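Protein chains in written order, with the numbering used here: chain A, 1 to 348; chain B, 1001 to 1348; chain C, 2001 to 2348; chain D, 3001 to 3348. By construction, the Cβ of each residue, glycine as well, lies at the ideal position given by its N, Cα and C atoms. Owing to the predicted nature of the structure, the values given are computational and were not obtained by experimental measurement. Working notes, beginning with the structure itself.
Number of protein chains: 4
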Amino acid sequence: MNNRLYFASDYLEGAHPKIINRLVETNLMHTVGYGDDPYTVSAKERIRKACVCPDAEVQFLVGGTQTNATVIDAVLKLYQGVIAADYGHIAVHEAGAIEYTGHKVLPLKSELGKIKAEDVRKYLEDFYQDPSYTHMVNPGMVYISQPTEYGTLYTKEELTALSEVCREYKIPLYVDGARLAYALASVENDVTLADLARLTDVFYIGGTKCGALLGEAVVVPNPELISHFFTIIKQHGALLAKGRVLGIQFDELFRDNLYMHIGKTAVSYAGEIKSALQKKGYPLYFDSPTNQVFFILEKSKVESLLERVEYSNFEQYDDTHVVARYCTSWATTREDVDALLEVIANFR
Amino acid sequence: MNNRLYFASDYLEGAHPKIINRLVETNLMHTVGYGDDPYTVSAKERIRKACVCPDAEVQFLVGGTQTNATVIDAVLKLYQGVIAADYGHIAVHEAGAIEYTGHKVLPLKSELGKIKAEDVRKYLEDFYQDPSYTHMVNPGMVYISQPTEYGTLYTKEELTALSEVCREYKIPLYVDGARLAYALASVENDVTLADLARLTDVFYIGGTKCGALLGEAVVVPNPELISHFFTIIKQHGALLAKGRVLGIQFDELFRDNLYMHIGKTAVSYAGEIKSALQKKGYPLYFDSPTNQVFFILEKSKVESLLERVEYSNFEQYDDTHVVARYCTSWATTREDVDALLEVIANFR
Amino acid sequence: MNNRLYFASDYLEGAHPKIINRLVETNLMHTVGYGDDPYTVSAKERIRKACVCPDAEVQFLVGGTQTNATVIDAVLKLYQGVIAADYGHIAVHEAGAIEYTGHKVLPLKSELGKIKAEDVRKYLEDFYQDPSYTHMVNPGMVYISQPTEYGTLYTKEELTALSEVCREYKIPLYVDGARLAYALASVENDVTLADLARLTDVFYIGGTKCGALLGEAVVVPNPELISHFFTIIKQHGALLAKGRVLGIQFDELFRDNLYMHIGKTAVSYAGEIKSALQKKGYPLYFDSPTNQVFFILEKSKVESLLERVEYSNFEQYDDTHVVARYCTSWATTREDVDALLEVIANFR
Amino acid sequence: MNNRLYFASDYLEGAHPKIINRLVETNLMHTVGYGDDPYTVSAKERIRKACVCPDAEVQFLVGGTQTNATVIDAVLKLYQGVIAADYGHIAVHEAGAIEYTGHKVLPLKSELGKIKAEDVRKYLEDFYQDPSYTHMVNPGMVYISQPTEYGTLYTKEELTALSEVCREYKIPLYVDGARLAYALASVENDVTLADLARLTDVFYIGGTKCGALLGEAVVVPNPELISHFFTIIKQHGALLAKGRVLGIQFDELFRDNLYMHIGKTAVSYAGEIKSALQKKGYPLYFDSPTNQVFFILEKSKVESLLERVEYSNFEQYDDTHVVARYCTSWATTREDVDALLEVIANFR
């Protein structure tokens, strides 16, 4: 559109070329609606295979907030709330979509987006020791994101610990994988799709930020967790008549393992950007291992940087600095990165 | 996929070639998210022009049920319900999505999907004459669809009458235009987009069934009707991060008046199919003026017809007959229709 | 307050003298809150005995609409609705309190307030035969009232039939007993509290209209039906801090079998009123067997009757007549009835 | 019931003798239902007078959680949440009743139950400066309690400051007065009912904890704030058929200024108990000015104290201590206090 650089987020372009091609190829094929078409059926099967979870229920929804609200409402009982990181997406940035379903988000202190199994355990222990706990919102689910809003990762050990406390208390563990491809692409990651299917009770594989035009794939390893999921999706306005639009995209994302490597260049570019920033003397806010780069920027420079680069001022750092964020994606090109590196090198 | 014929609905294919081409062309352009991109801005402007309503708020949502639930919840006050045809989509086929928002659907008797202004008036008069009306759901909106689920059309006169009673009682009138392109394409139609903008308080222009991959355009002629609509859309899980996916499609649908004639062949083919059925001795259930053909079929023939044609058994007619429905669409081809005409001619 | 006669409803006075005395006696006793006091514990035990259902969970709520909304929401699953008579209280007169919980009331045709087991069966059969039933509200409960809003009674045979179809389809059967004392007091009644406990899944024993200041006792024969009911009651704003206010009243209502005969004079007086009306030439709308008398009254006489008697104009009969209702209660006195009989005898 | 002492809360007895007498006196009077009876009409008028607010709408509801949920839902717009102290009753102890209405409770840091006007201002300023605020829950109301859950009081100056920031941002200010009588009875209090009516947009005058069997009186100084409040109350299951049960009680509470002094002995006794604790060497947690006494107790003594006194272990203090709470009420007698003082004097 213009010669600004776009590093504000990972949903700034259309779809991965393979996906857009597939949409073109299949465009005039006739199929039945509501996800019973062969593309969707195939996509579900590929995802079950990638998760090594042959019995999983897989459903395709449209966007992240919608998916979170629908899944959380479907899993929680009437009197329950969901434990989440105090700065988690559902706690802060979904316009109250969870509360709109009637359920409270129970915030737990977090560090760089992550919550600890021991804190969950403490919360649950304290809850059941409170003599008035029947007057309080019953904790019925634990929500985490992988990677988190800060791009950080739960290790397999950490996820196992969370899984254990959840299973001890019979509370489903739910993973929001809006950016899951960038976790899978990180060299620091040791959590596979099969681990997610084994250690959690429900999770979603993000499409919107990971190469699709739109779409998120919900995986329920043990389908008994959610009865009548299809009707619930419809009730929540999350059912596409033309379900194949999602099916085709995920079928492509899971054909030839595309999803496993679609985030690789993004993560690698993020690494280059981090180095350049540090070299130029911009302190990182912390060393995020996926496709997001957080650094500390003088407020006085915000304006002039925005002229060149569409990026995100993530949060206040102190009175004179902000935490700025660059975000790469599957669509980021060598040229974009080189141009950004030049901006960084020449910035003052 | 195979050589069956597909006349079951109007969401069985991808998008109109012009739309899919535009998605391809724009695919790697960078834009900001959430509908602030130039494609979406342009699409909104084109729709305002087509509706001759320069101040209208236009918002793009993903699907019909979602749109209905979000709009109705946004417009109704806490204590209100929505009057709708007793067989209307929101009353029967949306899995309780409206009730899920906390509001009752107040069913009104209908004929071939249409409700009458005089019946709405009677309902409102009776309501306010009931001494216990403060113990009842306050009617806060009237919902109709154009065309209706039966493909029938409100005339400009009928719509004007509905508009008048709504305005007299200060109740917003909302039109579900899931298949609006097929109304606009019907020779029997005398209601324009400008009429809708003038006579109603909110309506949506259907994309999913009218040539888009997905998407519905909500038009609010007087934006004061819904405050903070953007946040409400987000709260209802109806906001696309990659808003341009909708913007691009509607920008194309309203470029060169595509939306005005995209339904023309479908309506014309429906006419041919009606003639062929009548000629062959299959009574029409009634003469539907848009892209749906309802006819009466012996139950004993259902199986063998389904082997050849994907169609819809709409409802029970009597003990030995069903009301069957063929549905054409923008994607229906001359070849498809000829093949169907042959099926009809040879059917026994 | 004045010398008008009050026959408009059965909630026009305070509490049965035994109850008010008991409230006075216990007034300054100290007890713990939220229903753990000894009065409430005793009341629950007496109700369990009266229902011959030693394992039942009993909870006391405040009013009828609140009880219906809380119980129905507690029992239904997210995607379900409740089948009810089309003129049932929850369908018409509770200001959408059920829809407010997110669930649709699925209206079933009724006769004098009653629905038929065969119609429920037909509804369920048709529902599951509809190919698009997963797009519709799943029927998850059947709601009836005993006596109905028309004062009519389900016989044990009819209740058994309803119970059977509900159990066949694994759908809980719920009975609203707002006026249950008047059913139990009717010579035409053959349904006992034990029958209710045996044939239904949850029911409530009305207090407000049956001698208490306020309060309704919910009985759940198999407590597994509703998990965490206490917290749900709190969440629905239906938990009294001073729970004993309800416990004391129901303890008295179920001491010495008061509840079994508290409605007897009301039903007997209603019989006298019916005879007087018929003798005077006022046709009964139908012969209601409990404490309500429905008769047909010329509209022209409404005004002058209202001057003497507070009664209820129940519904339109025809252009020149209404269905009028007299309602007796536990508080109706011989003097009141004699005065009303005189009004009737002299009315013109 | 036994010779334990009851200082656990202020809802452990029935009603003030004047109220119970009035209920007895009026018991068999006939009145119409739903709050149109003369007692309720009179009670409303007395409350308007006491608040020096002749145009206020007054409605009687049953309990605190119900009142909070109904009022907050009635006032907030669909997309809004309510700012409250992070340890406020609605944030912690109402089983998610507010979230159940679809609205988020937005927690603000508090000190001894109180929030500061400057923190509210900061919250609102930050909110509107956040570039993504339209993706977040819009703050639509400020909720405080007077006295707070800690028995502390807002001064007139503090309340004025809160009122000013709310009016600047056009956000209603709501005061939960569950224990308002104990605020009005405190020598430290300088906020009158007229101040509440002048400085806030809606508040409730607590009955349940302040001498009534049950009931809370909602006051809306400018009735335009809440349209159709009656229907909303019904919809929320908060409408009593026998409305006079509340009307009679509040009519008595506001006859002869009973409400203004009903809390006086309770506050005075609390003072005596504080002195006795301090004398005996039990540190107060802080010096609460109303009817609650918070002190620090060794965990090892909890058991033996509970044998003698029903009191409340309010929260954890440290590993070996709890914050214990004694609560007095209108029903606390000289004898009760003397007995407690003896327990304190002899405790070890």
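For A15 of chain A, go through chain D and note every residue whose CB falls closer than 9 angstroms to its CB, in chain order.
At a beta-carbon threshold of 9 angstroms, none of the residues of chain D lie near A15 of chain A; the nearest stands roughly 23 angstroms away.
What does the alpha-carbon distance come out to for the pair T1328 of chain B and S1268 of chain B?
So the two alpha carbons sit approximately 9 angstroms from each other.
Rounded to the nearest angstrom, what separates R2255 of chain C and L2028 of chain C at their Cα positions?
Roughly 21 angstroms separates the two Cα atoms.
Using 7 angstroms as the limit for Cβ to Cβ distance, is T3231 of chain D near chain B?
True, the Cβ-Cβ gap to chain B drops below 7 angstroms.
Is the CB-CB distance between L1108 of chain B and D1119 of chain B below 7 angstroms?
With a cutoff of 7 angstroms on beta-carbon distance, L1108 of chain B and D1119 of chain B are scored as near each other.
Reducing DSSP to helix, strand and coil, say where G3114 of chain D ends up.
The identity of residue 3114 of chain D in the sequence shown is Lys, whereas the question assumes Gly. K3114 of chain D falls in the strand class under three-state DSSP.
Going by DSSP in three states, P2107 of chain C sits in which element: helix, strand or coil?
Strand.
Secondary structure of L3005 of chain D, DSSP reduced to three states
Three-state DSSP puts L3005 of chain D in a strand.
Provide the residue span of the alpha helix (DSSP H) that contains F1229 of chain B, from first to last.
Segment F1229 to Q1235, the alpha helix (DSSP H) holding F1229 of chain B.
Which class does H321 of chain A belong to by DSSP, given the choice of helix, strand or coil?
In this structure, DSSP gives H321 of chain A an extended state, which the three-state scheme calls strand.
Where do the N-terminal and C-terminal ends of the alpha helix (DSSP H) with Q3146 of chain D fall, by residue?
For Q3146 of chain D, no alpha helix (DSSP H) segment is defined, and its DSSP state is neither H nor E.
Is A3043 of chain D helix, strand or coil by DSSP?
Three-state result, A3043 of chain D: helix.
Where do the N-terminal and C-terminal ends of the beta strand (DSSP E) with A217 of chain A fall, by residue?
Note, A217 of chain A: beta strand (DSSP E), E216 to V220.
Which one of A:S9, A:N68 and A:R22 has the shortest CA to CA distance from V219 of chain A?
When C-alpha distances from V219 of chain A are compared across A:S9, A:N68 and A:R22, the shortest belongs to A:N68.
State buried or exposed for V3128 of chain D, treating a residue as buried only when at least 16 other CB atoms are found within 10 Å of its CB.
Residue identity check: residue 3128 of chain D is Tyr in the sequence provided, not Val. Burial call: exposed.
Go ahead and pull the three-state DSSP assignment for S3304 of chain D.
It is helical.
I'd like the list of long-range same chain contacts for D201 of chain A, defined as Cβ closer than 8 angstroms, with 5 residues on each side in sequence excluded.
V75, C166, P172, L173, Y174, V220, P221, N222 and L225, listed in sequence order.
Taking one C-beta from the segment 3240–3251 of chain D and one from the segment 2204–2217 of chain C each time, how about it: are there three or more such pairs within less than 8 angstroms?
Yes, the segment 3240–3251 of chain D touches the segment 2204–2217 of chain C.
Locate the beta strand (DSSP E) running through F3286 of chain D, then write down its first and last residues.
Counting along the chain, F3286 of chain D sits inside the beta strand (DSSP E) bounded by residues L3284 to F3286.
Kindly give me the distance between the Cβ atoms of I273 of chain A and L340 of chain A, rounded to whole angstroms, as I take these residues to be in contact under 8 angstroms.
About 6 angstroms separates the two Cβ atoms, so the contact holds.
Would you mind telling me which residues of chain A sit closer than 9 angstroms to Y1006 of chain B, beta carbon to beta carbon, in chain order?
Those are H30, T31 and V32, listed as they occur along chain A.
Indicate whether the contact test is met: 3 or more Cβ pairs, each with one atom in the segment 3001–3016 of chain D and one in the segment 2293–2310 of chain C, closer than 8 angstroms.
Touching, no, given that fewer than three Cβ pairs across the two stretches are closer than 8 angstroms.
Measuring only the C-alpha atoms, how far is L3193 of chain D from A3050 of chain D?
Linking L3193 of chain D to A3050 of chain D through their CA atoms gives a straight-line distance of about 7 angstroms.
Cβ of I72 of chain A less than 7 angstroms from any chain B Cβ?
Under the Cβ criterion of 7 angstroms, I72 of chain A is not counted among the residues facing chain B.
M1001 of chain B classed as buried or exposed, judged by whether at least 16 other C-beta atoms fall within 10 angstroms
Here the model assigns M1001 of chain B a pLDDT of 42, short of 50, so the residue's position is not dependable, and the following value carries that caveat. Exposed: under 16 other Cβ atoms inside 10 Å.
Which of helix, strand or coil DSSP assigns to I3416 of chain D
Here chain D comprises residues numbered 3001 to 3348, so residue 3416 of chain D is not present and cannot be evaluated.
At a CB-CB cut-off below 7 angstroms, which residues of chain F make contact with M136 of chain A?
Among the chains of the structure shown, chain F does not appear; the protein chains present are A, B, C and D.
I'd like to know if the segment 2138–2152 of chain C and the segment 2082–2094 of chain C are in contact, where contact means that at least 3 CB-CB pairs between them fall below 8 angstroms.
They touch, by the three-pair rule.
When the cut-off is 7 angstroms and only beta carbons count, does Y2100 of chain C lie next to chain A?
Not one chain A Cβ lies under 7 angstroms of Y2100 of chain C.
Just the chain D side, please: which residues come within less than 7 angstroms of Y1079 of chain B by C-beta, in chain order?
H3228, T3231, I3232 and Q3235, listed in chain order.
Assign S1312 of chain B to one of three DSSP states: helix, strand, or coil.
In the structure shown, S1312 of chain B sits in a strand (DSSP, three-state: E or B).
Test item: CB-CB of Q1249 of chain B and I1020 of chain B under 7 angstroms
Their beta carbons are not under 7 angstroms apart, which means Q1249 of chain B does not touch I1020 of chain B by this criterion.
Taking only beta-carbon positions, decide if K104 of chain A is within less than 7 angstroms of chain D.
For K104 of chain A, the answer is yes, since a Cβ of chain D falls inside 7 angstroms of its Cβ.
Since G1081 of chain B and G2096 of chain C are thought to touch, with beta carbons under 8 angstroms apart, how far apart are those beta carbons, to the nearest angstrom?
A Cβ-Cβ distance of about 6 angstroms is found for the pair G1081 of chain B and G2096 of chain C, placing them in contact under the 8 angstroms criterion.
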